[in-house]
Each structure stands twice: as C-alpha cells, then as structure tokens.
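Each number in my numbering comes from the position in the sequence shown (counting from 1) with 610 added on. Beta carbons: idealized from backbone N, C-alpha and C, even for Gly.
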Amino acid sequence: MTDQQTATSATTEPSGGVRVRFAPSPTGALHVGGVRTALFDWLFARGEAKRQGLDGAFVLRIEDTDRNRYVPGAVESLVASLRWFGLDWDEGPDVGGPFAPYTQSERTDRYRAHAESLIAGGHAYRCFCPPDRLERVRAERQAAGLPPGYDRHCRALPAEDVAANLAAGMPHVVRFATPRQGETIVHDLIRGEITYQNATLEDLVLLKSDGYPTYHLANVVDDHLMAITHIFRGPEWIPTAPVHVLLYQAFGWSMPALLHVPLILAPGGGKLSKRHGATGLEEFQAQGYLPEALMNYLVLLGWSYDGTTEIFSRADLLEKFSIRRISASPGTFDHDKLRWFNQHYINHILSVDDLAARVVPFLADTGLVDAAAAAPSHPQHAQVREAAALLKDRLETLAQAPDLMGFLLADALAPYDPLTLVPKKTEPAAALRALEATLAALDEVDLADEAATEARLRGLAEELGLKTGQLFMAIRVAVTGRTQSPPLFATMHVVGADRCRARVAAAADALRRSVATPVPAGD
Ligand code: GLU
C-alpha cells in the first residue's frame, strides 16, 4: 500500500449503471435523517441515473452486526416505514437479489475471510489487549494530552507470540494497520477533497472478539461485493472516511464515489432529537402526516432545485433531482414547516377520494367507522367521502379527522351542555322556542337544496325575532355539538335530514330540562 491514497470519484460510471444502497442499522425506529439519505439514493438511482440512460439499482442492506444495539422487530418496522414513505428497492432482505444475503449477520464468514486476507497481506493484525489494558492506555493518553486511541501495542507482536496466544484460545480483535506516514485524500462529491494526515488516524477494530465485524469492515466489504458505485451516507461518518479509503486500497479495490449528505439540525441548532418532537417515521405516520408531504419536505433539507420552488411531487423529483444540487451545509428540521406542507397536500393536492381512503384508519381507530370503509363499495364509504369533502380545507393532519369529522359520522352526539345552546343575548326559553321551530321547519325543507334551506331558516329567524347569527348558532351547536363547524348548510346536508331532526330534538330536550332547572342566560 502506498502512503499517498486517493479514491475514485466519478459521478456516474462510464458504462453499465449506478448501484446505490441504503444500509440502516436496526437499532430503533427509522429516523428522518436516515430516510432522507434513502430518498437521495432512490432519486439518484430511479431518476438521475435513468435520465442519463443508465441502469439504476437501489439496494437495501441491513447492517446488524452490532449485536448490543440490535432491537428485535426493528428490521420489519424499518421496511414497513420505507414502503409507507413510498420507496421501493431492487434488492434487499425481503426481495432477494444476486448478492444475497442482504443482512450482514448472515454474511459473517465473508467478513472473517476478508479480515484474514488483510492479516495475510500485512494490512491488519490481531490484538489481544484485554479491556483493562485498553482502559489504562486510554487514560494515559488522555493524561498526556494525546487524542484517544490505541497505542498499537499488538501491531509489533512477534509471530510466535501471536501463534501462542491463538493456541491458548486468547480472545482477540483484528485491527487495521493504518499507514503511519503520508496523507489520505477523501473525495466527497459535494465537499470536494478532504486531506488527512495518516499519523492522526487510529488502528480501528475491524473484527470484534465476538467474531462479528465492525461497521468499517462489513460496510467496505459489502459495498465492494455488492458492486455499489455510489455511497451516500450521514455526515457523522466523515471522520472515518479516510480509513475506509485506506481499506479499499489495502484490499486493492477501487472505491465507490462518496457523498456525505448534509446534517439535519434541530431548530436553534444542535442535534435533532425526541425533545423537538417526532423524529421516527412511524411517529409521523401515526400523527397523520402524508408520506408525499414528508418526502417533499425532507428532500428540501439539503437539496434545492432553483432555490424557490417548494412543491415537488414524486414525479417532479424523479425528473428534477440531481446530486449536484445537494448542499454541504446543514438543514434545519422545522415541524411547523412540515405541518404546512402536510396541510398544503391535504387541502390542495389530494383528491377527495384519496383523502377519504386515508382518513379511514384514523376514524376506525376511534371506532367512528369500520376499518373496511376505505373501500368505495362499503356502506359507510359515501358518508366518509362527504365528510372528507366538507373538511378537506380544514385538516392539517389525518389524525385530526376523528375530532373534526366525528360529528358528521357518529349517530348521536355527546350530551349537550345546555349553556352552549343559548346564543349570546338570548334567554334559554327563546333558544328552546327557536329549536322547536327549527324542528318543524326541517320537515319542510330539502337539505340537498342548501340555498333553499338557508332561505327558509333566515325567514324563521325573522319570524322568531332573532338575528340570523343567533338562530344559526343554536342550530350549529344542536347539529354539530360544537360552536365552530364547516359552513352550516353544507354540514346539515352531510349530516342528513334524519340525524339533523334527531339532534335538534335532543338539543331541545336538553334545553327543556334546563329551563325546568334554570340556567343563567347567555351574555
Ligand atoms: N449502518 C450505517 C448507519 O446506519 C450505514 C452508514 C452507511 O451508509 O455507510 O449509519
């Protein structure tokens, strides 16, 4: 291995195609940072490469070799989250492919063999240092003001000692024998060249004493064996990039192009964490965010088309995304802005049919409709669709549907608070008279004719000596159970004549009971 190390950095391969991979570790819910990396991978393979006439393959690989951080069920949940988000992959643990298996814990033989080949070539060595020695070295280095790390004690171990230790079954790790002199240049597609002095690099562990590889070995071996052409990964890996460059050199392999995506910061700076709100995809899904709104929002955290356009459909992104417009500077995750995108998609982009289908799981969770009501043939579907049409302009998230649509879908409302039925500047007795007269008027109108219904009820207000606002408020509370609602006559139409009558009658009853036991007048 030479001391001057460089990596190849072609944007695209001259022939053949591009192969990118998303390589999450199943340590918990899929984080927005990870999914944005996956999105960049996917858009590059499916969009940019295709536009250049190249084949683009997107690979999902599970990096589960850190057994201490493994969370059972995390693989299934991240696969489900990626699919919900709208990504698909050509190769992966669930779909197979020519380089299977795609789960690293099933590939440990390969890593061990590659570690052995590095040892044989003098690029790696066995380290038998016990934990207490490593701890002591760390403390000594710290006291001496040196950067933390290993003192390379076992790098110089005579071959007989190594053989004896092995014969005695001594636990050990395999470390990379990092060159001591020279410099290593990392070529990052968006950050350019980053030069490292080899003397500052550590002899990183490649194979742990449990026989599992570290990220560094497994990742490099797999990217090579899986013929990956472009590596997109989080900025937290920049410091180890020179070691990866050196590993490729040690193996005698050419290195894929490398791109570290920009950091995602919390509002006000710092690491985005739970205390700023949701960070995992499952949480956004549960909070009623649309995957297309999240995709649109996330792609803009580190990429821009022209600096001004904000709304991009998936098709737009496939047509316009280019890694050349990925920025190196961090993006800030702003939950309010995401909510704005979500509302925009619900209000302006989703069709009513689509919205109806998507609110059903949220409505079903609270028992308002059957889980099968998303199907147009289901008897409850028409009503959900009408509710969706009425509230499309008001919803910010799908999770608001039960609260905002409940009164349209439930048979009966919660018991009335009689006070709310008494409009301002009227008496309970006047409100009761108004509701009784409304009940009679409802028999004469066809709620499908919203204008005629309105005209009739305006006339009624006049007959009762009430302001229209006063009468309409009493009716609104009676019909919806709340003081704010979508336009009253459209709402009454959706609620339907039978339920309107039943609700106005129930409201009148509640008032009648309270008139018997007087309540204070509305002020
Ligand atoms: N398993 C690593 C992670 O989850 C992958 C990093 C990479 O893409 O190389 O951060």
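Next on the checklist: I'd like to confirm something about ASN829: is its beta-carbon nearer than 6 Å to some heavy atom of the ligand GLU, or not?
Outcome noted: yes
Next on the checklist: Check this for me: beta carbons of HIS991 and VAL831, under 7 Å apart or not?
Outcome noted: no
Item to check | Paired residues, beta bridge with PRO1028 - DSSP | outcome: Beta-bridge pairing links PRO1028 to no other residue.
Checklist entry - Going by the CB atoms, is the gap between PRO852 and VAL796 shorter than 7 Å? => result yes
Checklist entry - Among the residues of its own chain, which have a CB less than 7 Å from the CB of GLY663, if the five just before and after it don't count? => result none
Next on the checklist: Taking 7 Å as the limit between beta carbons, can you name the residues of its chain near VAL689, skipping five residues before and five after?
Outcome noted: ASP704
Checklist entry - Any heavy atom of the ligand GLU within a distance shorter than 6 Å of the CB on GLU673? => result yes
Checklist entry - Who are the Cβ neighbours of LEU551 in its own chain at under 7 Å, not counting the five residues just before and after it? => result Absent from the structure is residue 551, since the part of the chain shown begins at 611 and ends at 1133.
Checklist entry - PRO740 bridges to which residues according to DSSP? => result PRO740 is not bridged to any residue.
Checklist entry - Less than 6 Å between the CB of SER932 and some heavy atom of the ligand GLU, yes or no? => result no
Item to check | Nearest neighbour of ARG885, chosen from LEU670, PHE943, SER937 and ALA787 [CA to CA] | outcome: PHE943
Checklist entry - Any chance the CB of ALA851 is under 6 Å from a heavy atom of the ligand GLU? => result no
Next on the checklist: So for ILE838, helix, strand or coil by DSSP?
Outcome noted: coil
Item to check | Cβ pair PHE650, PRO901 closer than 7 Å | outcome: no
Checklist entry - Can you tell me whether HIS1153 is buried or exposed, with buried defined as 16 or more other CB within 10 angstroms of its CB? => result Shown here, the chain extends from 611 to 1133; a query on residue 1153 therefore has no answer.
Next on the checklist: Quick check on PRO881: does DSSP put it in helix, strand or coil?
Outcome noted: Here residue 881 turns out to be Lys, not Pro, going by the sequence shown. In this structure, LYS881 counts as strand in the three-state DSSP scheme.
Checklist entry - Just to check, is the beta-carbon of PRO553 closer than 6 Å to a non-hydrogen atom of the ligand GLU? => result Only positions 611 to 1133 of the chain appear in the structure, and residue 553 is not among them; the question remains open.
Checklist entry - Just the Cα atoms here: how many angstroms apart are ARG1111 and GLN953? => result 33 Å
Checklist entry - Taking LEU756 as the reference, which of ALA777, LEU799, LEU811 and GLU803 has the closest Cα? => result LEU811
Checklist entry - Would you say the beta carbon of ARG843 comes nearer than 6 Å to a heavy atom of the ligand GLU? => result yes
Checklist entry - If you draw a straight line from the C-alpha of PRO1097 to the C-alpha of PRO877, how long is it? => result 37 Å
Checklist entry - Among LEU1000, ARG1043 and LEU857, which one has its Cα closest to the Cα of LEU1081? => result ARG1043
Next on the checklist: Can you give me the C-alpha to C-alpha distance between LYS930 and GLU658, rounded to a whole angstrom?
Outcome noted: 8 Å
Checklist entry - Roughly how many angstroms separate the alpha carbons of PRO849 and LEU1000, rounded to a whole number? => result 53 Å
Item to check | Neighbour-count burial assignment, SER635, 16 or more Cβ in a 10 Å radius | outcome: buried
Checklist entry - Which residues does DSSP pair with VAL784 in a beta bridge? => result ARG736 and LEU817
Checklist entry - Candidates PRO940, GLN897 and ILE1085: which alpha carbon is nearest GLY908's? => result First, the amino acid is wrong: residue 908 is Leu here, not Gly. Of PRO940, GLN897 and ILE1085, the residue nearest in Cα terms is PRO940.
Next on the checklist: Quick check on the burial criterion: 16 or more other C-beta atoms within 10 angstroms. Buried or exposed for GLY898?
Outcome noted: buried
Next on the checklist: Counting beta carbon pairs with one atom in the segment 851-871 and one in the segment 826-843, are three or more of them shorter than 8 Å?
Outcome noted: yes
Item to check | Touch test, the segment 721-738 against the segment 770-787, Cβ-Cβ under 8 Å, three pairs minimum | outcome: yes
Next on the checklist: Please return the same chain residues whose Cβ sits closer than 8 Å to the Cβ of THR1093, not counting the five positions on each side in sequence.
Outcome noted: THR1030, MET1083, ARG1086 and VAL1087
Next on the checklist: Among ASP916, TRP950 and ARG1113, whose alpha-carbon lies nearest the alpha-carbon of ARG935?
Outcome noted: ASP916
Checklist entry - Three-state secondary structure (DSSP) at TYR806? => result strand
Checklist entry - If you draw a straight line from the C-alpha of ALA1071 to the C-alpha of ALA1116, how long is it? => result 20 Å
Next on the checklist: Taking the alpha carbon of ALA1061 as the reference point, which residue from PHE861, LYS1035, LEU1074 and ALA1100 has its own alpha carbon closest?
Outcome noted: ALA1100
Item to check | Cβ separation of ALA925 and LEU965, assumed to be a contact under 8 Å, to the nearest whole Å | outcome: Their Cβ separation, rounded to whole angstroms, is 20 Å, which puts ALA925 and LEU965 out of contact at 8 Å.
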